[in-house]
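Accompanying notes for the structure given below.
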Amino acid sequence: MTAVIRTAREALRGRRPAAAVWWEACAVGRSVRAAWRGPGRERDLVVQSLKAAGAALLAWAVAGVWLGDPMALMAPWVALVLVQATVYSSVRQAGEQFAAICAGAVIASAAQAITDDHTGALALCLPVLMLMANWSRFGRQGIYAATTAVFVLASGTAVSAAAVGHRVGQAALGAAIGVAVNALVLPPIHLRDVRENLAALARESGDLLHTVATGLREGEWDGQSAAGWSSDAARLGRRLDALYAARSWSRESLRLTSGPLRRLQGAPAAVPPEDEDQRWSRVTGNVTALTRTLAVTVDEHRTPKAPEGPVLDLYAQLLALIGDACHAEADRLLGSSAGPRREAETETETTMEELHRRLQEGLREQGQGAARTAVLGTLVLQAENLWAEIVPEPDESAGQ
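Shown next as structure tokens:
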């Protein structure tokens, strides 16, 4: 399989449109496999998409088949767009959309009464409604005022109070069905996203620390390597932003959803506390500072220089152990068995003491210079901060 992918990659090299289609197809394939394997973001998207389609079909069946409405367009249209990412957002947007639809229907009817011509009514009301679409009270639903006016006037039927009330009633029916389907059929609960983003942040932090440790240990790092580490640290920042967004979604997804339905759906009982977000925010900041310090040391236009010799190997060993602790934290967050960690903690504490001792020896005997000493002190401080955040004291971790 790997050979096939490599062959396809070589064949598509230099062909941007074809390559873009290929990589998009690969991304779709990965999403399909992830949705098939088990619960996750991809499966949640499949469920929400099927729920939206089901809500629209149900609204059409009620309005068009059961009630026999020959123009039952509004109900399935509104139901389709109101199956949102959370029940709360469905309810909120239902109110905003219903207000926009009412405004569009009323203003379109008034324009028709003034001009007595469908084209003239559209020319009169659409500029006003598009301006209203930007009103913050409508949220993101303001555009429905203009589209409702188009539906009302383009249908060719006479515009009357009864017709306006009919369309508003259809919109209310669709909104009720969309909100009910979203709230009662597998309500979207985004607790899993917080845990997955935290675990990914921990694992990616560990990966970066291992990469830096390998580069320092092998001595084959330069400005390009340091720039790559800084780029990876920037991706950690974006992962942190995704974590904050997931936390916000998780809080909102618990609003207006009942406990029995959440248990029936098998949603996680709880998410890691918000203190975890702050802790990994500090870890991300320290990793970013560490990579920035290393990038400065290889800049020929800057004074600070990287430390050399055995002390740098010792520092690389320390970063690798901290990276292992990050991976253990990722496994813990995902519920995997991390195994005993006391041995690793003892080894790292011993390494830290050895690093301090070797640094003092370097200051007394090796004479590495003020610039290298300053850099080494900064790197040691950042490593100590990382270890303090990733491996709390036993009395603190016992309560978690």
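Heads up, the sequence shown is in our numbering, so the first residue is 849 and it goes up one at a time.
Heads up, the beta-carbon is just placed ideally off N, CA and C, and yes, glycines get one too.
Note that the structure is predicted; figures quoted are calculated from it, not measured.
Where residue i and residue j are concerned, what is the direct C-alpha to C-alpha distance, given to the nearest angstrom?
| i | j | result |
| --- | --- | --- |
| E1052 | R1140 | 17 Å |
| Y1163 | Q896 | 48 Å |
| Q989 | L1034 | 25 Å |
| Y1092 | V1016 | 38 Å |
| L1182 | L1167 | 23 Å |
| A1023 | G916 | 19 Å |
| G943 | G987 | 10 Å |
| T934 | L1088 | 22 Å |
| V1144 | T995 | 56 Å |
| A907 | F946 | 16 Å |
| V880 | Q932 | 21 Å |
| G1067 | G1225 | 19 Å |
| L1160 | A1094 | 38 Å |
| T1249 | R985 | As shown, the chain starts at 849 and ends at 1248. That puts residue 1249 outside it, with no answer to give. |
| R891 | W884 | 7 Å |
| R1254 | A958 | The shown model of the chain, from 849 to 1248, leaves out residue 1254, and the question about it has no answer. |
| K899 | G912 | 19 Å |
| E872 | V894 | 18 Å |
| Q1126 | W1077 | 22 Å |
| A1137 | D1147 | 16 Å |
| A1282 | L1142 | No answer is possible for residue 1282: the residues shown for the chain start at 849 and end at 1248. |
| P924 | S1098 | 28 Å |
| S937 | A1048 | 27 Å |
| V827 | I1025 | Since the first residue shown for the chain is 849 and the last is 1248, residue 827 is missing from the structure and cannot be characterised. |
| W914 | D1179 | 53 Å |
| Q1165 | C874 | 37 Å |
| I991 | N1233 | 50 Å |
| T1198 | R1086 | 34 Å |
| L860 | C950 | Note that L860 has pLDDT 46, beneath the 50 cutoff, so the model's placement of it is unreliable and the number below is only indicative. Rounded to whole angstroms, L860 to C950 spans 52 Å at the Cα level. |
Can the beta-carbon of residue i be found closer than 9 Å to that of residue j?
| i | j | result |
| --- | --- | --- |
| W1235 | I1170 | yes |
| M922 | A1019 | yes |
| A1173 | G1054 | yes |
| L977 | G1013 | no |
| A1011 | I955 | no |
| E1177 | A1050 | yes |
| L1057 | V1135 | yes |
| V998 | L979 | no |
| L1084 | V910 | no |
| A1267 | A948 | Because residue 1267 is not part of the residues shown, which for the chain are 849 to 1248, the question remains open. |
| P1155 | L1046 | no |
| V939 | R1043 | no |
Buried or exposed for residue i, going by 16 or more other Cβ atoms inside 10 Å?
| i | result |
| --- | --- |
| P1121 | exposed |
| A961 | exposed |
| I1238 | buried |
| A1002 | exposed |
| Q1072 | exposed |
| E1124 | buried |
| S1096 | exposed |
| A1075 | exposed |
| D964 | exposed |
| Q941 | buried |
| S1079 | exposed |
| G1187 | For G1187, the predicted structure reports a pLDDT of 48, less than 50, and the residue's modelled location is therefore unreliable. A value from the coordinates is still provided. Classification for G1187: exposed. |
| W983 | exposed |
| P1158 | exposed |
| D1041 | buried |
| A1081 | buried |
| V876 | exposed |
Any heavy atom of the ligand HEM within a distance shorter than 8 Å of the CB on residue i?
| i | result |
| --- | --- |
| Q945 | Ligands are entirely absent from the displayed structure, and the ligand HEM is therefore not among its contents. |
Worksheet item: Would you call the stretch 1047–1067 and the stretch 951–969 in contact, with 3 or more CB pairs under 8 Å?
Response: The way I'd put it, the stretch 1047–1067 doesn't touch the stretch 951–969; fewer than three beta-carbon pairs between them come closer than 8 Å.
task = Can you check the stretch 1022–1080 for any alpha helix (DSSP H) of at least 4 residues that lies completely inside it and give the ranges in chain order?
result = As far as the stretch 1022–1080 is concerned, its whole alpha helix (DSSP H) runs of at least 4 residues are 1039–1066.
Notebook entry, point to check: Is the stretch 924–939 in contact with the stretch 903–912, if contact means three or more CB pairs nearer than 8 Å?
Noted result: A contact is defined here as three or more CB-CB pairs under 8 Å, and the stretch 924–939 meets this definition with respect to the stretch 903–912.
Practice problem: Scan the stretch 1122–1163 and note each continuous alpha helix (DSSP H) run of 4 residues or more that stays entirely inside, going in chain order. | Solution: 1122–1145, all fully within the stretch 1122–1163.
Discussion item. With a threshold of 8 Å, are at least 3 pairs of Cβ atoms found where one atom belongs to the stretch 1128–1136 and the other to the stretch 1023–1032?
Written reply: No: fewer than three Cβ pairs fall under 8 Å.
Self-check item: Segments of 3+ residues assigned as beta strand (DSSP E) that fall wholly inside the stretch 889–928
Solution: Runs found: none.
**Asked** Mind pulling the alpha helix (DSSP H) runs of 4 or more residues that sit fully within the stretch 991–1016?
**Response** List check, alpha helix (DSSP H) in window: 991–1002.
* Asked: If you scan the stretch 961–989 from start to end, which runs of the beta strand (DSSP E) of 3 or more residues do you find wholly inside it?
  -> Listed in chain order, the beta strand (DSSP E) elements of length 3 or more contained wholly in the stretch 961–989 amount to none.
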